[in-house]
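Be aware that the sequence shown starts at 1, since it is given in the working numbering, and climbs by one per residue.
Think of the CB as a built atom: it goes at the ideal place given N, C-alpha and C, for glycine as much as any other residue.
All figures in this text were calculated on a predicted structure; none of them were measured in a lab.
Following: one structure in structure tokens, then a few remarks.
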Amino acid sequence: MYPPDQLPQKHPSVSDSSSIDGESVQSEEEQRIQNLREFVKELDVKLSYPQKRALRVTWRRLSEAPKTSGRGNLQIMEKIFDRLVNEEPGIMSVFYRSAFIKCIEDRRNRCQGKSIATLRDHAHLLIDFVDGLLAIMFDEPLTKPVFDPVSVGKIHGKLNPLGFDRHIWLKLGECFAEVMFSQDCKPEDQTLRHSYTSQSIKGNSLTSTPTQSCRSLDVLDEITVPPNTQRTTQRMPRQLPSRSACGKYAAKKDAFKLQDRSKSNSYSNLMG
């Protein structure tokens, strides 16, 4: 028997709802669900009911077991990341550096931790993200882990020192839309294009937004000037991916400005 003041304390278990860890995990899960609900709420404003229905119908058809045509949402998500790697080869170096640093940390801590997420793991996570998005959009029960754009952006923000750049989110959205457009199970082509484009653009805007706790290293490339002072330096053009249509237009516009500026300088030198 233990004295009343020396009773053994009960260790919190996973099944105990009053445990501190359980409360923290539950609060994080609720926060992710709340963030995803806000994302879906903003997406509902831009989509009509036929467009939302097109998202649901096509995703269900793609979720069927792949047949001779090789369809299936897992294969399609892998195609998205394969296209992303082909257009952005530097992504693989981020995986290699992350794996190397993870091995060093595990060896220093003398423990075997979880391995980093591979491209195939990212394909599964993207499927879970779309499943959760559609479940909230149509008031269906959530049966899988929830991933919201804000939390995903914060997690990937830690990879900025390893070469991860926020313009990768824009490229991922482009690859996602292009691969989904190429599928043959589209009930309404224009409706589906607008639906997937709105979904990818809104998701990229949230994941690529720097937060106070984890800001992108691209901010270091932007030259800040105090107020009421004249800006004499040129801003480094790293705002848009160079291969996109917007990036090409911005590059041509900057080149035209530089050419016009050089002509004006040469003319002023001749006049002087």
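query	result
Closest Cα partner of F100 within the set I116, C111, E64, N109	I116
Same chain only: Cβ atoms within 7 Å of F164, ignoring 5 sequence neighbours per side	V94, H156
Nonlocal neighbours in the same chain, by C-beta distance under 7 Å from F138, ignoring five residues either side	R56
C-alpha gap between D189 and T143, whole angstroms	No answer about D189 holds up, because its pLDDT of 49 lies below 50 and its placement is not dependable.
Local conformation of Q112 per DSSP, three classes	coil
Inter-residue Cα distance where the pair is S182 and K79	11 Å
Contact under 8 Å by Cβ, L84 with G72	no
Opening and closing residue of the alpha helix (DSSP H) in which S151 lies	149-157
Candidates V40, V146, G90, R53, of which the one nearest L159 by Cα	G90
Terminal residues of the alpha helix (DSSP H) in which R83 lies	73-87
Where T143 sits in the DSSP three-state scheme	coil
Local Cβ density within 10 Å of I76, reported as buried at 16 or more and exposed below that	buried
Pairwise C-alpha distance: E105 and K114	11 Å
I33 to W169 span [Cα, whole Å]	21 Å
K52 versus D82: straight-line alpha-carbon distance, rounded	27 Å
E178: first and last residue of the uninterrupted alpha helix (DSSP H) it sits in	167-181
Own chain, CB closer than 8 Å to V344, minus 5 neighbours either side, in chain order	Not covered by the structure: residue 344. The range shown for the chain is 1 to 272.
Cα-Cα separation, S27 to R37	15 Å
Environment of P149 [buried if 16+ CB atoms lie within 10 Å]	buried
Pair within 8 Å by beta-carbon distance, V152 and E29	no
Rounded Cβ spacing between L47 and R97 (contact assumed at less than 8 Å)	Actually they are not in contact, since the Cβ atoms of L47 and R97 sit about 38 Å apart, beyond 8 Å.
Within 8 Å, strictly: CB atoms of L74 and A123	yes
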